[in-house]
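Reviewing the structure listed below.
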Amino acid sequence: MAVRVLSVASEAAPLVKTGGLADVAGALPAALAAEGIAVTTLLPGYPAVRAALKRPRVLGQWDALLGSPARLLEGRLGDHQLLVLDAPDLFAREGGPYADAAGRDWADNWRRFAAFARAAADIACAKTAAGRFDLVHAHDWQAGLVPAYLAFLHARAVPSVMTIHNMAFQGYFPAEIFGALGLPDAAWALDGVESYGGVGFLKAGMQLADAITTVSPTYAREIRSVEFGMGLEGVVLARAGRVHGILNGIDTAQWNPARDPHLAARYTAARLAARARNKRALEQEFALEPDDGPLFIVISRLTWQKGMDLLPGALGQLVALGGRLALLGSGDAEIEAALRAAAARHPGRIAVRIGYDEPLAHRMQGGGDAILVPSRFEPCGLTQLYGLAYGCVPVVARTGGLADTVIDANPAALTAGVATGVQMNAVSPEAIALAIDRTIELYARPDVWRRIQRNGMKADFSWNASGAAYAALYRALLAERA
Ligand code: ADP
Ligand code: GLC
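For this note's numbering, add 1080 to where a residue sits in the sequence shown, where the first one is 1.
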């Protein structure tokens, strides 16, 4: 019999996405089906998610889930089995999943995601018509309380895995909310949900899950340090034997240049010349001067994590060396303004699109020459993986999943013929400029450049290996309980 896993995530592509979590939660079920694991994903009933359900069956209900009436709806998206927590008080709002249209976090986020987690624990333990699950996989702080509810309200009846996609988002709330969570007093403890005098959702999950995973081996090591652990390094160290780094894969049905419907020209590693048409189309779309020089792209949240505050400082050099840049992103207002100003200083050479546009992201990967990812920290990172798959050479900081997935074109790697991109040692305007400099030199050697592109395109970043790693972890946890 297939192992039944309840994946609890606040985002899943293509229904609701603010970042890589959605890509991963959207792709895991298919990856795990190949391993004999049946994954059902529980999502909050945001408007876009509710709208995707046609006449759903009601599988359960709560009169007052942390005070709000809620129903459990059954859905499916292709082969992806969904459960949706329909709680209009909590989730039927215009704006984003975590913030209103003006970007202010919803004041009741703690209640919204505590309710979500509590429902997940009930569901896993067969309190609804969705049946019993063998294991719960909780993603990020929004699902962080699932292991806590399982531990304190359900006697750990079902084992759980807590995956950290980003340690910077911890779901930390003041102590006053504790009374409303419906947890026993015993949960207010260092080995419970208490964290630095408040309630830590992610911390609770890390403390109480049967295993902790994060999305690359290097990040799994990095979060043992103060710099990357961001206050939770102590929990990581205390549970070190239970921490695993499993690299994300990419969904090759969505991200494959040979079949991508968004591209003007589709291509393979053997037919790289066809990319030129995509590059011309991209230049037009961004009103960049057409030429044969390197076209850099950025597709990113415009935040400190992503190093985007430092990027403007490196753009003078990029332009001076004959490069051009097309950037797509949104985020901090100050960074947006600085990037717009850079574009105004260099018309035809730097173009900035503020917004979120999935098809455009595909066109950029298919037409750009190199993708810049100068992150200060990066648990895994997906845009460099899409770049590798598309022959858009990644130029990345040597951190987290970026360090694990890109082979720097240093002399040794070039001689061995294994390079797939460029790494920078530090994240500063100078280091970014130096990496750009190196990239432009490599680009000027067409044979070398093609080899780098082909190496990336031939590397396997599908979910095969990672799906097997998650399946092995689930099975080990189930065996431990048996
Ligand atoms: P993070 O989750 O930290 O933002 P990842 O690299 O893991 O970083 O994932 C980002 C995902 O969001 C990728 O699928 C990327 O293509 C997408 N993305 C980021 N910004 C935009 C944007 N402005 N428009 C379209 N897609 C975007
Ligand atoms: C987070 C991280 C990113 C990772 C994604 C999916 O958003 O910032 O590095 O790729 O989660 O795991």
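Positions of the beta carbon are idealized from the N, C-alpha and C atoms, including for glycine.
query, result
"Is aspartate 1331 helix, strand or coil by DSSP?", "coil"
"Just verifying my parser: in three-state terms, what is the DSSP assignment at glycine 1309?", "helix"
"Let me have the residue list for ligand 2: C-beta closer than 7 Å to any non-hydrogen atom, ordered along the chain.", "Gly1099, Gly1100, Leu1101, Asp1103, Val1104, His1245, Asn1246, Val1295, Asn1328, Gln1385, Glu1458, Pro1459, Cys1460, Gly1461, Leu1462, Gly1480, Gly1481"
"With DSSP run on the structure shown, which of helix, strand or coil describes aspartate 1103?", "helix"
"If I'm right that glycine 1325 touches proline 1297 with Cβ under 8 Å, what's the distance once you round it to whole angstroms?", "4 Å"
"Kindly provide the ranges of any beta strand (DSSP E) runs that are 3 or more residues long and lie completely inside the segment 1149-1201, ordered along the chain.", "1160-1166"
"Given that a residue counts as buried once 16 or more other Cβ atoms are within 10 Å of its Cβ, and exposed if not, what is serine 1380?", "buried"
"Alpha carbon to alpha carbon, how far is leucine 1086 from valine 1216? Give it in angstroms, no decimals.", "5 Å"
"Run through the segment 1360-1400 for me and flag every whole beta strand (DSSP E) of 3 or more residues, listed as ranges in chain order.", "1375-1382"
"What do you get for glutamine 1141, buried or exposed, if any count of 16 or more other CB atoms within 10 angstroms of its CB means buried?", "exposed"
"Does at least one heavy atom of ligand 1 sit under 7 Å from the Cβ of glutamate 1438?", "yes"
"If phenylalanine 1308 sits next to alanine 1266, beta carbons under 8 Å apart, how far is it from one beta carbon to the other, in whole angstroms?", "Phenylalanine 1308 to alanine 1266, Cβ: 31 Å. No contact."
"Starting from threonine 1519, follow the alpha helix (DSSP H) in both directions and report where the run begins and ends.", "1509-1523"
"Does DSSP put proline 1124 in a helix, a strand or coil?", "strand"
"Under the rule that 16 or more other beta-carbon atoms within 10 Å means buried, what is arginine 1429, buried or exposed?", "buried"
"Taking phenylalanine 1213 as the reference, give the member of Ala1237, Gln1222, Glu1256, Leu1553 with the closest Cα.", "Ala1237"
"Going straight from the alpha carbon of glycine 1259 to that of glutamate 1302, what length do you get?", "34 Å"
"Note the first and the last residue of the continuous beta strand (DSSP E) segment covering valine 1226.", "Element bounds for valine 1226: not the beta strand (DSSP E) but the alpha helix (DSSP H), 1226-1233."
"What are the start and end residues of the alpha helix (DSSP H) that includes methionine 1081?", "Where methionine 1081 is concerned, there is no enclosing alpha helix (DSSP H), given that its DSSP letter is neither H nor E."
"Counting only runs of 4+ residues fully inside the segment 1425-1472, write out the alpha helix (DSSP H) ranges in chain order.", "1438-1447, 1463-1470"
"Does the beta carbon of isoleucine 1257 fall short of 7 Å from some heavy atom of ligand 1?", "no"
"Report the partner residues of glutamate 1274 according to the DSSP bridge assignment.", "Val1279"
"For alanine 1477, write down the residues that DSSP places opposite it in a beta bridge.", "Met1504"
"Identify whether leucine 1408 lies in helix, strand or coil by the three-state DSSP scheme.", "strand"
"Looking at glycine 1448: is its Cβ nearer than 8 Å to the Cβ of isoleucine 1377?", "yes"
"Please tell me whether, using a cut-off of 7 Å, the distance from the CB of isoleucine 1377 to the nearest non-hydrogen atom of ligand 4 is below it.", "Ligands in the displayed structure: ligand 1 and ligand 2; ligand 4 is not one of them."
"Are the CB atoms of leucine 1390 and alanine 1486 within a distance shorter than 8 Å?", "With the sequence shown as reference, residue 1486 is identified as valine, and alanine is not the correct amino acid for it. The answer is no: Cβ separation not under 8 Å."
"Tell me whether serine 1148 counts as near ligand 1, meaning its Cβ is closer than 7 Å to at least one heavy atom of that ligand.", "no"
"Go ahead and pull the three-state DSSP assignment for glutamine 1574.", "Given that the chain is displayed from residue 1081 to residue 1562, the structure contains no residue 1574 and the question cannot be resolved."
"If we ignore side chains and look at the alpha-carbon of each, how far apart do aspartate 1202 and glycine 1100 end up?", "27 Å"
"Out of Gly1262, Glu1256, Gly1278, which has the shortest C-alpha to C-alpha gap to alanine 1228?", "Gly1262"
"Just how far apart, CA to CA, sit leucine 1170 and alanine 1131?", "16 Å"
"Thinking C-beta only, is alanine 1269 closer than 8 Å to alanine 1537?", "The amino acid at residue 1537 is misidentified as alanine; the sequence shows methionine. Result no, Cβ atoms of methionine 1537 and alanine 1269 do not sit closer than 8 Å."
"For threonine 1495, write down the residues that DSSP places opposite it in a beta bridge.", "Bridge partners of threonine 1495: none, in fact."
"According to DSSP, is valine 1037 helix, strand or coil?", "Limits of the chain in this structure are 1081 at one end and 1562 at the other, which puts residue 1037 out of reach."
"Hey, would you say the C-beta of serine 1410 is under 7 Å away from at least one heavy atom of ligand 1?", "yes"
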